[in-house]
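Visitor: This is the structure I want to talk about, given as structure tokens.
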Amino acid sequence: MEESFKPNSLTINKLLTDSDALYQIPVYQRPYKWGDDEVDKLWDDIVESYNNEEPNYFLGSIITAKPSKGGKYLDIVDGQQRLTTLIILMATIRDVYPTINREECEEDPFAIGIEQINNAIMVSNKFGRLRLATHSNHSSDFEKYIIKGDTSKLKKPYKKDLRKDEAPEFKFINTSVEFRKRIESLGEKECGDLLNYIFNQIKIIRIDCSNVGFAIKLFQVLNARGLDLTNSDLIKSYLIGRLHSLYDTEIVDQKEKQFLQDWITCEGLALDVEESLNELFVMYEYYLLGANPKKSLYDELENQFSKDDPLDVISDFKAFITVYNDEVYSSETQLDYSFFYLRWSIYWKTIVTTALHTGYPDVLELKKTVRRYFYLFWISGFTLSRIKQTSFNLIKWLKDKRLINEIKQELEKSIRENRIQDRFESSLKGNVYQEAWCKPLLAIIEMNQIDKPEYINISDRSLHVEHILPQSYGKIYGWKHIIEDERDGSEIINSLGNLTLLSGKKNIEASNDAFKNKVFIYQGKGKHGSSDDKIASFRITQMIFDQYNNDKVTEWGYDTIENRRIFMINQIEELFQIDLNNIK
């Protein structure tokens, strides 16, 4: 039968030394990724079963397929991480104990010595049991460090190198080093007994499939719950499986190569925009559906892709995320910068990218409209549930090419129905310091003062929201006029008019001091005269010492705080096109 498979229960001995035990990890698979945790678990499982003398210990399964071009090597569709790790274990034992079980092999026909280990690693001096086609460098690194290298001399890689997914040679080395520590702690005799157990008592189910397409289908069924696979892994395997079902054997390899080139480009773009491939597929899913998904990401996309050529799918996905990279993530405008402070980022990202990807004619006006809508709802205290459906509607309206004025009318209707005006005004009148949107709002107002602003990284720990009138003003010299005023100073402490942006060092120096001293610090003169010669980098902070130097503000009190608050409100009116006269 064309789509058939055959499960075989094999000892590690048979898995690695039988005449048909030739394996290759195809180009579409992920590079080797196992770290300390995975190696620890595999080792602990093996040693525990050995100590308990468990016969026929089951170590899992691998799925193989006959490659489309024929040949002796079987493609590993699933289980490549485990199989690679077993080969690394064998190579490490070979190098740590080159005379392992030498005497036992003279007396026990089932004892495993160096000859069997070498046979498990290499068929001959030229051909290895396992070859890696994920990347030419991966194969040569595996051969250099593991297959033909001396693993006993390898050193533990640095953590920064282990984080490089595109450089699996560090993980090859790390796995060997981790095994070596454990092997050496056992001693040669105990390790020899463990080796006999591994080869003769541990079993793996090898499921041999007649072709790659069927193997991938089986792989998806066995991994229906996700396990340690990502949605992008499953999507990739599904699309490659579709290729093998759509194209004849003569051209499928060429089509697969073309697909994988685009896939690798997409992986690179994901790194460039600091998103996971999964997250980008979620954006693409929202774009395709224009509605709230009813199923899992994989199930929804499988349905969407079921009638499409995988080459067209990956080409359009690449174009979609290229637009996001070039015109959203890499954009250097105040408008685009301000989006990145928002919560619910996947929704605005999908909306804006949809507009760009579909060639919507009024992108600039749409961006302003979407930013306004999201910020109004966020500052008004609403959560994702209130804007989620509208976000999907926006995606659909853009794909339907609805006029920008129609879209504005729909959003204004939502704003009225949710009484945004009252809630927005109430939020701005009260204590804004504790709000998650306080620093983003100040950053947007700051960027609005400059023609070509740079992006303000509000996640930077050195950036703080500064209270000009200190929170503990009652204990600080220089604030007598506030203390003696009959009005309650606590009401203005956390208002918009009393807040500004300041770098960490300046904030520490200025936090609890008199206004005159604060101004000197804002100017960069430092608390003691010259500790920091840099002028405050934020225009909304520079305004304070400009007014002081021009004798417009000689002390910081109720009136100056109120005047600054009104300035801030005017800025917000301009940014979000909303009438705030009621709170001026």
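When we follow my numbering, the leftmost residue of the sequence shown carries the number 348, and every step to the right adds one. Idealized CB from N, CA, C, for every residue including glycine.
If you draw a straight line from the alpha carbon of Arg527 to that of Lys388, how long is it in whole angstroms?
Guide: Against the sequence shown, residue 527 aligns to sequence position 180. Against the sequence shown, residue 388 aligns to sequence position 41. For Arg527 and Lys388, the distance between alpha carbons rounds to 15 Å.
Visitor: Got a sec? Which residues, its chain only, sit under 8 Å from Val779 by beta carbon, not counting five neighbours each side?
Guide: Indexing the sequence shown from 1 puts residue 779 at position 432. Cys785, Leu788, Asn841, Ser842, Leu843, Leu846, listed in sequence order.
Visitor: For Ser732 and Phe686, what's the separation of their Cα atoms in angstroms?
Guide: By one-based count along the sequence shown, residue 732 stands at place 385. By one-based count along the sequence shown, residue 686 stands at place 339. Their Cα atoms are separated by approximately 19 Å.
Visitor: Report buried or exposed for Asp365, applying the criterion of at least 16 other Cβ atoms within 10 angstroms of its Cβ.
Guide: The residue given as residue 365 occupies position 18 in the sequence shown. Flag for Asp365 reads exposed.
Visitor: Please state the DSSP three-state secondary structure of Ile913.
Guide: As a first step, residue 913 must be located in the sequence shown, where it is residue number 566. Helix.
Visitor: Look up Arg572 in the DSSP assignment and say whether it is helix, strand or coil.
Guide: As a position in the sequence shown, residue 572 is number 225, starting the count at 1. Here the model assigns Arg572 a pLDDT of 45, short of 50, so the residue's position is not dependable, and the following value carries that caveat. Three-state result, Arg572: coil.
Visitor: Which first and last residues belong to the alpha helix (DSSP H) in which Ile840 is found?
Guide: As a position in the sequence shown, residue 840 is number 493, starting the count at 1. Element bounds for Ile840: 837-840.
Visitor: Going by DSSP, what residue range makes up the alpha helix (DSSP H) through Leu648?
Guide: For this step, residue 648 is matched to residue 301 along the sequence shown. It spans 644-652 - the alpha helix (DSSP H) in which Leu648 sits, taken as one unbroken run.
Visitor: With 16 other CB atoms within 10 Å as the buried threshold, where does Asn917 fall?
Guide: Your numbering for residue 917 matches position 570 in the sequence shown. Asn917 should be labelled exposed.
Visitor: Short of 8 Å in beta carbon distance, which residues of its chain neighbour Glu712, apart from the five on each side in sequence? Order them along the chain.
Guide: On the sequence shown, position 365 is the one that residue 712 refers to. Hits under 8 Å: Ile751.
Visitor: Would you report the Cα separation of Thr522 and Ala458, rounded to the nearest angstrom?
Guide: Along the sequence shown, read from residue 1 onward, the residue named residue 522 stands at position 175. Along the sequence shown, read from residue 1 onward, the residue named residue 458 stands at position 111. Roughly 25 Å between the two C-alpha positions.
Visitor: How far does the alpha helix (DSSP H) with Ser692 in it reach, from first residue to last?
Guide: Walking along the sequence shown from the start, residue 692 turns up at place 345. 692-704 is the extent of the alpha helix (DSSP H) around Ser692.
Visitor: Rounded to the nearest angstrom, what separates Cys934 and Asn472 at their Cα positions?
Guide: Residue 934 cannot be examined here, being either before or after the span of the chain that is shown, 348 to 931.
Visitor: With 16 other CB atoms within 10 Å as the buried threshold, where does Thr730 fall?
Guide: The residue you call residue 730 lines up with position 383 of the sequence shown. The residue in question, Thr730, is exposed, as its Cβ has fewer than 16 Cβ neighbours within 10 Å.
Visitor: I think Glu535 touches Tyr444, with their Cβ atoms under 8 Å apart; what is that distance to the nearest whole Å?
Guide: As a first step, residue 535 must be located in the sequence shown, where it is residue number 188. As a first step, residue 444 must be located in the sequence shown, where it is residue number 97. That pair is a contact at about 5 Å.
Visitor: So, helix, strand or coil for Val470, using DSSP?
Guide: Reading the sequence shown from its first residue, position 123 is the one you call residue 470. In this structure, Val470 counts as coil in the three-state DSSP scheme.
Visitor: Tell me Pro354's beta-bridge partners as DSSP assigns them.
Guide: The sequence position of residue 354 within the sequence shown is 7, counting from 1. Bridge partners of Pro354: Ile554.
Visitor: Give the straight-line distance between the Cα atoms of Gly876 and Asp893, rounded to the nearest whole angstrom.
Guide: Within the sequence shown, residue 876 is the residue found at index 529, counting from 1. Within the sequence shown, residue 893 is the residue found at index 546, counting from 1. Low local confidence applies: a pLDDT of 47 at Gly876 is under 50, so the model's placement there is unreliable, with the coordinate-based value given in what follows. Whole-angstrom Cα-Cα distance: 18 Å.
Visitor: How close, in whole Å, do the beta carbons of Trp691 and Phe721 come, if the pair is a contact with beta carbons under 8 Å?
Guide: Position 344 of the sequence shown, counted from the start, is the residue given in the question as residue 691. Position 374 of the sequence shown, counted from the start, is the residue given in the question as residue 721. Trp691 to Phe721, Cβ: 7 Å. Contact.
Visitor: Could you tell me which uninterrupted beta strand (DSSP E) segments, each at least 3 residues in length, are contained entirely in the stretch 452-527, listed from first to last along the chain?
Guide: Fully enclosed beta strand (DSSP E) runs of 3 or longer: 477-479.
Visitor: Would you decide whether Thr901 is buried or exposed? Buried here means 16 or more other CB atoms lie within 10 Å of its CB.
Guide: As a position in the sequence shown, residue 901 is number 554, starting the count at 1. Burial call: exposed.
Visitor: Using a 10 Å radius around the Cβ and a threshold of 16 neighbouring Cβ atoms, would you call Gln736 buried or exposed?
Guide: Indexing the sequence shown from 1 puts residue 736 at position 389. Classification for Gln736: exposed.
Visitor: Give the single residue among Asp555, Ser623, Thr697 whose Cα lies nearest to the Cα of Ala638.
Guide: Here residue 638 refers to the residue found at position 291 when the sequence shown is read from its first residue. When only C-alpha atoms are compared, the closest one is Thr697.
Visitor: By a C-beta neighbour count over all protein chains shown, 10 Å radius and 16 as the cutoff for buried, is Thr700 buried or exposed?
Guide: Within the sequence shown, the letter at position 353 stands for residue 700. Thr700 should be labelled buried.
Visitor: At which residues does the alpha helix (DSSP H) containing Ala790 begin and terminate?
Guide: Position 443 of the sequence shown, counted from the start, is the residue given in the question as residue 790. Segment 785-794, the alpha helix (DSSP H) holding Ala790.
Visitor: Can you tell which of Leu430, Gln796, Lys583 has its C-alpha closest to the C-alpha of Arg478?
Guide: Translated into positions along the sequence shown, residue 478 becomes position 131. Arg478 has its Cα closest to that of Leu430, out of Leu430, Gln796, Lys583.
Visitor: In the DSSP assignment, the alpha helix (DSSP H) including Phe687 goes from what residue to what residue?
Guide: Numbered from its first residue, the sequence shown carries residue 687 at position 340. Note, Phe687: premise wrong, no alpha helix (DSSP H); not H, not E.
Visitor: Using the rule of at least 16 other Cβ atoms within 10 Å of the residue's Cβ for burial, across every protein chain shown, is Leu433 buried or exposed?
Guide: By 1-based counting over the sequence shown, the position of residue 433 is 86. With 16 or more other Cβ atoms within 10 Å, it is buried.
Visitor: Rounding to the nearest angstrom, what Cα-Cα distance links Glu453 and Pro504 in this structure?
Guide: Here the question's residue 453 lines up with position 106 in the sequence shown. Here the question's residue 504 lines up with position 157 in the sequence shown. Taking the straight line joining both Cα atoms gives about 39 Å.
Visitor: Do Val599 and Leu607 have their C-beta atoms closer together than 9 Å?
Guide: The residue you call residue 599 lines up with position 252 of the sequence shown. The residue you call residue 607 lines up with position 260 of the sequence shown. No.
Visitor: From the DSSP output, read off the bridge partner residues of Glu813.
Guide: Working through the sequence shown from its first residue, we reach residue 813 at position 466. Thr847, per the DSSP bridge assignment.
Visitor: Quick check: the stretch 646-657 against the stretch 742-760, are there 3 or more CB pairs under 8 Å?
Guide: Short answer: they don't touch.
Visitor: I need the straight-line Cα distance from Arg572 to Lys564, nearest angstrom please.
Guide: In the sequence shown, counting from the first residue as 1, residue 572 sits at position 225. In the sequence shown, counting from the first residue as 1, residue 564 sits at position 217. Residue placement at Arg572 cannot be trusted, given a pLDDT of 45 that sits under 50; what the coordinates show is reported in the next sentence. Going by the C-alpha atoms only, they are around 14 Å apart.
Visitor: Spell out the partners DSSP gives Ser408 in its beta bridges.
Guide: The residue labelled residue 408 in the question sits at position 61 within the sequence shown. DSSP output for Ser408 lists Ile552 as bridge partner(s).
Visitor: Any chance the CB of Leu636 is under 8 Å from a heavy atom of the ligand SAH?
Guide: The ligand SAH is not part of the structure shown, which contains no ligands of any sort.
Visitor: For Arg718, count neighbouring C-beta atoms within 10 Å of its own C-beta (all shown protein chains included) and say buried if the count is 16 or more, exposed if not.
Guide: Translated into the one-based positions of the sequence shown, residue 718 becomes position 371. That one is buried.
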